[in-house]
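Under the numbering used here, the sequence shown has 727 at position 13, and the numbering climbs by one with no breaks. For glycine and all other residues, C-beta sits at the position ideal for the given N, C-alpha and C.
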Amino acid sequence: MYPDHTHRPPAQAAVGVHQPTPYPPSVAVPAPVVPVQPNAVPAVASIVLPDGRVVTGYAINPAQPEPAATKPPVSRTAVNVALGGAGFLAVCGGLILLTSFIAALTAFITQLITLAAVIFGGWIAIHLFSASGHQGGTTVNIRRAVIKRNKFYS
């Protein structure tokens, strides 16, 4: 709606057009001094206007966004986790082998001790229960003895 609450445009619709006034050729406007880095000289552009004037200035290049940092196809964290897992598996395999070796060595030593006990026990049993009748100690045969003048003659 319009200010007069109708659906038609207001009667005074005067629109003013502003035309820029060009500088006369005799008036020269000094160009502002732009600081320039010694290693990068910007390009200078000249434009010819329709009325024949020439406008010279520096070309403005659009701001280029900084390139995104290229990421490796696989993240470093994933590589570290994978290497840690491979190392853990290698250690576990070694620990399983070490555990198996210790168990086998323990069983072997137990069998050697049992074998030594059986052999030594058998040797002791043979000597204790032998049928030779020999009880050990010194054997003394007593015969008729003759004693003369406090001397013993056998």
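Chain-order list of residues whose beta-carbon lies under 8 angstroms from that of residue i (same chain, five-residue window excluded)
{"i": "VAL768", "result": "SER760, ILE761 and VAL762"}
Run of the beta strand (DSSP E) containing residue i, from where it starts to where it stops
{"i": "THR770", "result": "768-772"}
{"i": "ALA777", "result": "Where ALA777 is concerned, there is no enclosing beta strand (DSSP E), given that its DSSP letter is neither H nor E."}
Bounding residues of the alpha helix (DSSP H) (the contiguous stretch that carries residue i)
{"i": "VAL793", "result": "790-842"}
Which residues DSSP lists as bridging residue i, in chain order
{"i": "ALA759", "result": "GLY771"}
Rounded Cβ spacing between residue i and residue j (contact assumed at less than 8 angstroms)
{"i": "VAL758", "j": "THR770", "result": "6 angstroms"}
{"i": "ASP765", "j": "PRO736", "result": "6 angstroms"}
8 angstroms Cβ cutoff, residue i in contact with chain D
{"i": "ARG790", "result": "No chain D is part of this structure, which consists of one protein chain only."}
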